[in-house]
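Novice: Going down the list, the protein sequences come from chains A and W.
Here the first sequence stands for residues 1 to 143, where the numbers follow full-length UniProt numbering.
Here the second sequence stands for residues 1 to 392, where the numbers follow full-length UniProt numbering.
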Amino acid sequence: MNAPNRSELFVLEDGEKAVEIIEDTKIPNAATIKVVKEDHTLANMLRAQLLASPSVLFAGYKVPHPLQPYSILKIQTDGTVTPADVLTQSCHRLIGTLSTLEAKFKREFSFKDVEGAAVSEDPYGVPSTGGPTWPGGRDYLDF
Amino acid sequence: MQSSADLEPTVRIRELKKDRVNFVLENVDLAFANSLRRVMMADLPTVAIDTVEVVSNTTVLPDEFIAHRLGMIPLVSTNCDEAIRNNRDCTCESACEFCAIPLSLSVACSDNRTLNITSDHLQYDPAVFDQSERGAEGDETAKRIENFGHPVGKNDPSVPPVLICKIRKGQELKVKCLAKRGLAKEHAKWSPCSAVAFEYDPHNKLRHTTYWYETDSRAEWPLSDNAREEEPPRDDEPFDFNAKPQRFYFEVETDGSLGPQEVVMKGLQELQRKLANLVLNAKAEQEPELANGVLSGGGDPGTNASGPGAWSVTAGGWGASSAADGSPAAAGWGGSPAVTAAAGGWGTSASPAGSGGWGTGASPNAGGWGTSASPAARGWGSPSQQASGWNV
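1) Verify the CB distance criterion: does H40 of chain A have a CB-CB separation below 8 Å to chain W?
2) Please compile the residues from chain A whose C-beta is within a distance smaller than 9 Å of the C-beta of D43 of chain W.
3) To the nearest whole angstrom, what separates the beta carbons of K166 of chain W and N116 of chain W, a pair I think is in contact under 8 Å?
4) Among all the DSSP beta bridges, which residues are the ones paired with C193 of chain W?
5) I'd like to know if V56 of chain A contacts chain W, where contact means its C-beta is closer than 8 Å to some C-beta of that chain.
6) What residues of chain W sit near N44 of chain A, judged by a beta carbon separation below 8 Å?
7) Mind listing which residues of the stretch 143-173 of chain W have their C-beta closer than 8 Å to chain A's C-betas, in chain order?
8) At which residue ranges does the stretch 40-85 of chain W contain complete beta strand (DSSP E) runs of 3 or more residues, listed in the order of the chain?
9) Pair every Cβ in the stretch 76-95 of chain A with every Cβ in the stretch 282-289 of chain W, then say whether three or more of these pairs are closer than 8 Å.
10) Per DSSP, which one or two residues make a beta bridge with V21 of chain W?
11) In chain order, what residues of the same chain have a beta carbon less than 7 Å from the beta carbon of A3 of chain A, not counting five sequence neighbours either side?
12) Comparing alpha-carbon positions, which option in W:K17, W:L163 and W:M40 lies nearest L195 of chain W?
13) Reducing DSSP to helix, strand and coil, say where E108 of chain A ends up.
14) Let's see if you can read the secondary structure: which residues bound the beta strand (DSSP E) around K62 of chain A?
15) Any chance you could list the alpha helix (DSSP H) runs of at least 4 consecutive residues sitting entirely within the stretch 210-277 of chain W, in chain order?
16) Secondary structure at E172 of chain W, three-state DSSP: helix, strand or coil?
17) Can you tell me which residues form a DSSP beta bridge with V107 of chain W?
18) Which residues mark the beginning and the end of the alpha helix (DSSP H) in which Q49 of chain A is found?
19) Where N365 of chain W and I66 of chain W are concerned, what is the direct C-alpha to C-alpha distance, given to the nearest angstrom?
20) If I'm right that S69 of chain W touches I164 of chain W with Cβ under 8 Å, what's the distance once you round it to whole angstroms?
21) Inspect the beta-carbon positions of L73 of chain A and R47 of chain A and report whether they are closer than 8 Å.
22) Check the C-beta distance from V63 of chain A over to S71 of chain A and give it rounded, since I have them as a contact under 8 Å.
23) Would you call G79 of chain A buried or exposed, if buried means 16 or more other Cβ atoms sit within 10 Å of its Cβ?
24) Name the two residues that bound the continuous beta strand (DSSP E) containing L163 of chain W.
25) Excluding the 5 residues preceding and the 5 following A18 of chain A in the sequence, name in chain order all residues of the same chain whose CB lies nearer than 8 Å to its CB.
26) Skipping 5 residues on each side, what residues in its chain have a beta carbon closer than 8 Å to that of C109 of chain W?
27) Report the neighbours of A48 of chain A on chain W: residues whose CB is nearer than 8 Å to its CB, in chain order.
28) Using DSSP with H/G/I as helix, E/B as strand and the rest coil, what is Q68 of chain A?
29) Taking C-alpha atoms, which residue in W:F98, W:C99 and W:H121 lies nearest to V107 of chain W?
30) Hey, L178 of chain W and T46 of chain W: beta-carbon distance below 8 Å or not?
31) Report the three-state DSSP secondary structure of A315 of chain W (helix, strand or coil).
32) With distances taken Cα to Cα, identify the nearest neighbour of N204 of chain W among W:V152, W:P222 and W:S191.
33) Inspect the beta-carbon positions of A142 of chain W and N44 of chain A and report whether they are closer than 8 Å.
34) Could you spell out where the beta strand (DSSP E) holding L9 of chain A opens and where it closes?
35) Between the Cα of H150 of chain W and the Cα atoms of W:G71, W:R218 and W:E262, which residue gives the shortest distance?
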């Protein structure tokens, strides 16, 4: 009935800030970061990565309401870095992990390719099946 | 968490089929694995029928019923990022060849038998468009594969078509449909995945769940197949409350609109794009003078979901300029000269902020930006004209 348009969950409006960093006035080295148009997918992953950093004292997130398309990250550091910097570092680290993972996936998929185990990817991106696989789902590099 | 952050993530594909991939992800955080699952289910664009104009419907099913069923039909969406633009971003009046796929269906039964109307009856039909209007020229149509936007498995006898309606003699169904690009966050019909299975800790060693039981939970709850991959717990083993889940068992099953490989790879790219966007916008937020410089040049309306000021996954930028290591300012960011000018300012003013700028960038295990071919972008800009400064 009065629910907002679904596309407002992920489309940034004109002139809308994608990120707002609000420094905490009462707690030292703390900031609240409002990430607009993002949800648990991004915020939870970041929260976990932030907690892995030794200079972070506190990191938490919430999505205040499912119909309001933003999430809030709260970060407190031990003072060696600012919350905004530690956020940037965590993002870089996650992007690093993701790109190594991407390379590994690419490799794994290409092995499945040459084995003919499953994919002979046709131009439609739809792999075809058939052919033998190594026992236990391993590939020859494991031997 | 510490331990999983130190190790490199690994992946092992156990099974790869036409419509599914089964893999084991190791040495990542639970939140990371869950984000991958979420992004594959809800953040990848596909095409699906979105508007249906009913010309005539004398079948037993009401119009809405049929429109809903049409929307659910999976359509081939390979390379959806580049092959079609968002209808809302297109400059055309309502729909054109760049932002929609025209499909029509016209079936009448004249024999004395039941006729099945299926997805095979959907025809590509440019007559659905109002020919007079088109959006700004683009290369989207050139990037489409031959059967882009057609029902999955059409003209393939091994794939049974999707039944839409059954009609008898004298009944007919005539509809004009427009298939548009969208995300599953808007409607589940745009999800490339029909199911994503996700499991960790099959023996429940971490006690993230409690099993209800009559007398003996072990006898009553069968173990999943993934349990064979892990040591069963010994009875005398004390509970390790510090243990973190390390292995995640995925099975990504697609509806055929995208291949499983494309879903996984695009999912990883989409996550990187989200993070890169966050970094850029956080920088712009911290340094308003920079943001203004960017604003005057950047503002690509953005072909992707995040709208203005966002990264588009499509073009050159980061990935292409692999020389970016060390000399980020020189590498240039995008096509337009205005953008490059802004980028010069970026490189210099990014460094005092403390994080060492882009090229030298933080991550130890990554080759940084240049190596990842993915979150590539053209144009970037801050959506905020008057970003309030936050410099410490």
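Beta carbons are placed, not taken as given, at the ideal position from N, Cα and C, and that holds for glycine.
Specialist: Straight from the coordinates:
1) yes
2) F10 and T41
3) 6 Å
4) W:T254
5) no
6) A31, N34 and S35
7) I145, E146 and N147
8) 46-57
9) yes
10) W:L16 and W:V252
11) L67
12) Sequence inspection shows Ala at residue 195 of chain W; the Leu mentioned does not correspond to that position. If we check each option's Cα against that of A195 of chain W, W:M40 comes out closest.
13) helix
14) V56 to K62
15) 217-220
16) strand
17) W:L173
18) H40 to L51
19) For N365 of chain W, the pLDDT reaches just 42, beneath the cut-off of 50, and the residue's location in the model is therefore unreliable, although a value from the coordinates is still provided. Near 52 Å, if we compare the C-alpha coordinates of I66 of chain W and N365 of chain W.
20) First, the amino acid is wrong: residue 69 of chain W is Arg here, not Ser. About 5 Å separates the two Cβ atoms, so the contact holds.
21) yes
22) 5 Å
23) exposed
24) L163 to I167
25) L12, V35, V36 and K37
26) L115, I167, R168, K169, G170, Q171 and E172
27) M1, D29, L30, A31 and F32
28) coil
29) W:H121
30) no
31) At A315 of chain W, the pLDDT of 37 sits below 50, so the modelled position is not reliable; the number obtained from the coordinates is stated separately. The answer is coil: DSSP assigns A315 of chain W none of H, G, I, E or B.
32) W:P222
33) no
34) Unbroken run through L9 of chain A: none, as it is neither H nor E.
35) W:G71
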